[in-house]
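Trainee:
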Amino acid sequence: FLREAIIRKIVLERAAVTTKYAGRDAFLKPERIREFWIHLTQTCNLSCTHCLVSSGPGGDKGLDKEFYFRAMDEAAQLVTERFYFTGGEPFSRADIFELVHHASETLGKEIVIMTNATLFSGERSERLKNINRARVKFQVSIDGATAKTNDAIRGPGVFAKACAGLKMLGELGFETSLTAAVTAENLAELENLPALAKESGAKSVHLMWLHKRGRILDDKSGAFPSTEKLLALARRVKVSAESLGIVFDNIESLKLRVNGYPYVRYDMGNLCWESLCLYMDGNVYPSAAMAGHESLNLGALNGGGLKNVWLESAAAKKIRAASVAQADNLAGDAFRFLTGGGDIEHSFFFSSNGHEGNFAGCDPYYPLYVELMKDVMFDVADGKRRAFNTRSGYTAPSVIHAMGEDSVSCSEDAEAWLSSGNLPQVRLLHSNCVLSFDVEKPYRAVQKFYGKAAEKPQAELCCPVKYDDADVGHIPQDVLDRFYGCGSPLPPLLTGCAILDLGCGAGRDAFLAARLAGPAGRVIGVDM
Numbered sequence: 001f002l003r004e005a006i007i008r009k010i011v012l013e014r015a016a017v018t019t020k021y022a023g024r025d026a027f028l029k030p031e032r033i034r035e036f037w038i039h040l041t042q043t044c045n046l047s048c049t050h051c052l053v054s055s056g057p058g059g060d061k062g063l064d065k066e067f068y069f070r071a072m073d074e075a076a077q078l079v080t081e082r083f084y085f086t087g088g089e090p091f092s093r094a095d096i097f098e099l100v101h102h103a104s105e106t107l108g109k110e111i112v113i114m115t116n117a118t119l120f121s122g123e124r125s126e127r128l129k130n131i132n133r134a135r136v137k138f139q140v141s142i143d144g145a146t147a148k149t150n151d152a153i154r155g156p157g158v159f160a161k162a163c164a165g166l167k168m169l170g171e172l173g174f175e176t177s178l179t180a181a182v183t184a185e186n187l188a189e190l191e192n193l194p195a196l197a198k199e200s201g202a203k204s205v206h207l208m209w210l211h212k213r214g215r216i217l218d219d220k221s222g223a224f225p226s227t228e229k230l231l232a233l234a235r236r237v238k239v240s241a242e243s244l245g246i247v248f249d250n251i252e253s254l255k256l257r258v259n260g261y262p263y264v265r266y267d268m269g270n271l272c273w274e275s276l277c278l279y280m281d282g283n284v285y286p287s288a289a290m291a292g293h294e295s296l297n298l299g300a301l302n303g304g305g306l307k308n309v310w311l312e313s314a315a316a317k318k319i320r321a322a323s324v325a326q327a328d329n330l331a332g333d334a335f336r337f338l339t340g341g342g343d344i345e346h347s348f349f350f351s352s353n354g355h356e357g358n359f360a361g362c363d364p365y366y367p368l369y370v371e372l373m374k375d376v377m378f379d380v381a382d383g384k385r386r387a388f389n390t391r392s393g394y395t396a397p398s399v400i401h402a403m404g405e406d407s408v409s410c411s412e413d414a415e416a417w418l419s420s421g422n423l424p425q426v427r428l429l430h431s432n433c434v435l436s437f438d439v440e441k442p443y444r445a446v447q448k449f450y451g452k453a454a455e456k457p458q459a460e461l462c463c464p465v466k467y468d469d470a471d472v473g474h475i476p477q478d479v480l481d482r483f484y485g486c487g488s489p490l491p492p493l494l495t496g497c498a499i500l501d502l503g504c505g506a507g508r509d510a511f512l513a514a515r516l517a518g519p520a521g522r523v524i525g526v527d528m
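In the numbering used here, the protein residues as written are 1 to 528.
1. For N389, count the other beta carbons within 10 Å of its own beta carbon; 16 or more makes it buried, fewer makes it exposed. Which is it?
2. On the CB-based measure, 16 or more other CB atoms within 10 Å of its CB, does F378 come out buried or exposed?
3. Please state whether DSSP places A147 in a helix, a strand or coil.
4. At what residues does the beta strand (DSSP E) containing N283 begin and finish?
5. Going along the chain, which residues of its own chain have a beta-carbon closer than 7 Å to the beta-carbon of L193, five neighbours each way excluded?
6. Under 9 Å between the Cβ atoms of F348 and F337?
7. When the distance is taken between beta carbons, is L28 closer than 9 Å to R213?
8. Along the chain, where does the beta strand (DSSP E) containing G525 start, and where does it finish?
9. Tell me, please, which residues DSSP counts as bridged to D501.
10. Check the C-beta distance from S313 over to L330 and give it rounded, since I have them as a contact under 8 Å.
11. Hey, V136 and L166: beta-carbon distance below 9 Å or not?
12. Pull the bridge partners of V112 from the DSSP assignment, please.
13. Just checking my contact of A71 with L278 at CB under 8 Å: how many whole Å lie between their CB atoms?
14. For G213, which three-state DSSP category applies?
15. Rounded to whole angstroms, what is the Cα-Cα separation between E199 and G393?
16. Give the range of the beta strand (DSSP E) segment to which V426 is assigned.
17. Let me make sure I understand the geometry here. Which of L119, N45, D343, P90 has the alpha-carbon closest to that of H211?
18. Restricting to runs no shorter than 4 residues, where is the alpha helix (DSSP H) found entirely within the segment 59-105?
19. Check each candidate in Q425, F511, L2 and name the one with the smallest Cα separation from G521.
20. Just curious, the beta strand (DSSP E) that G267 is in, first and last residue?
21. Within its chain, find whatever has a CB closer than 8 Å to the CB of A76; leave out the 5 residues flanking it on each side and keep chain order.
22. Rounded to the nearest angstrom, how far is the Cβ of E185 from that of A232, given a contact under 8 Å?
23. If you run the structure through DSSP and keep just helix, strand and coil, what is M208?
24. May I ask which residues mark the beginning and end of the alpha helix (DSSP H) holding F159?
25. Going by other Cβ atoms of all chains shown within 10 Å of its Cβ, with 16 needed for buried, is S226 buried or exposed?
26. May I have the straight-line CA-CA distance separating S411 from I251, to the nearest angstrom?
27. Please tell me whether S295 and S287 are closer than 9 Å, where the distance is taken between their beta carbons.
28. W37 by DSSP, collapsed to three states: which one?
29. Quick check: the Cα distance between R508 and G496, rounded to an integer number of angstroms?
30. Do L40 and G87 have their C-beta atoms within less than 9 Å of each other?
31. Taking only three categories from DSSP, how would you classify V472?
32. Let me know the beta strand (DSSP E) ranges lying completely inside the segment 320-368, each 3 residues or longer, listed in chain order.
33. Below 9 Å between beta carbons: does that hold for W209 and Y365?
34. Under DSSP, the beta strand (DSSP E) around V182 begins and ends at which residues?
35. Quick check: the Cα distance between A16 and A5, rounded to an integer number of angstroms?
The following block contains the structure:
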């Protein structure tokens, strides 16, 4: 047992030499903008009681499309992954389809559109059919699992329209996520959100924790649920989502960190490092949640200035200098580098109270993240325990699981690690406003990596187990050259059996099993 623990580095043979962590800006450089948020309008056909930016029918319409074309052209030189379109309601703009086309087709970028999905009728429904399904994704907001609850927050008749719009997007083949801001009004029924997503064709659900900003502050009835109630809700949604095959992205994003590579620190959000937001006033802000907050104005986007705003703004530098290491309330907390210290936007707004907010302040939802992480840890351990072969006769104590053992396939570090071979020491968190479209990135990264290895053999990947030539002589050399597995303990008595090889790769073990199964048997190999 001790030897296993040493191999997995749970136990060290000598005392570890540690140094004081200097903060994320000692390890990271702002090298690229992964994503660019565009706040298109303050106009919205709804006036939700919790709206973060207090949008509504009388809100500012935003700048003209030519400005946004120029802004996207400039941003595209720096943005490596995607644009986010938000508001207000993006589809309240008459030129929204032209803006979508420019971003997705002219610039070839992925777009996530944040929408209430209630305006998809008439000409809009027809024009939706022409949007690129591979590049355009939707996050749809609904604030209740019934019309009674949702419409009390969003307005009469909204629930039926939103459900119809969400279903339309699914039928058209768009990848969609269903999100709800959790308030005291809707908390009791949001465990039914996965069922609504399943019925409507959404792939995932997302719970948003209220910001201390916007119209919700006008509510004097205690709209902010307690951590205990939020935790109980998240656990119920998790159970419901798992039973229905719906991704609960709040949990999935935690899994990526809990079972990621050991020794990697997560240190606050990616705003001003990899993410910026263009507000409808033409100024750049750290994030969509912070847009319009004057003290966080990074500067105007006026042609050729985005890179300078990003790198030279005093406010941006201040955010990049912030670190979990500065959070006095988390000193010595064992989870601080898994949680990343919480959400930097919540930390800022909840700590302001009439004065300038603290980026390293206390996120009131921090205990929620910790408890959910503990749940994930026990889930991983329990799954490994149940999979352990108790019939082998081996009864000595065993390490069931060590952090990072599945990290090539389940960690968000996979993409960076697989492409460079270098394990990052510090990573950043994505905005809690949108998680759904990032939780599958590791899967796609591994798929791409092994896809290339399937096309061109990679000798350095191969292979901890070697067979005698006599055992593999019947297998085509192309299969042997492209097989990177670690061997399968095939029992000898397989004659006539049907055998399923999951994660078969190029299929070497399937060929071995086929020889044992014989003409009366059958072998099926499945790989991603």
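We put the CB at the ideal spot given by N, CA and C, even for glycine.
Given the structure is predicted, the values throughout are model-derived calculations rather than measurements.
Mentor: Well, looking at it:
1. exposed
2. exposed
3. helix
4. 283-285
5. A145, L178, A180, V205, V237
6. no
7. no
8. 522-526
9. G525
10. In fact, because the Cβ distance is near 27 Å, the residues do not count as touching under 8 Å.
11. no
12. Y84, K137
13. 6 Å
14. According to the sequence displayed, residue 213 carries Arg and not Gly. Residue state, collapsed to three classes: coil.
15. 47 Å
16. 426-429
17. D343
18. 65-76, 96-101
19. F511
20. Looking at the sequence provided, one finds Asp at residue 267 rather than Gly. That run of the beta strand (DSSP E) goes 265-269.
21. L107, K109
22. Not a contact, Cβ separation roughly 16 Å.
23. strand
24. 158-171
25. exposed
26. Per-residue confidence for S411 stands at a pLDDT of 49, beneath the threshold of 50, marking its modelled position as unreliable; the derived number appears in the next sentence. In a straight line, the C-alpha of S411 is about 13 Å away from that of I251.
27. no
28. strand
29. 19 Å
30. yes
31. helix
32. none
33. yes
34. 176-182
35. 15 Å
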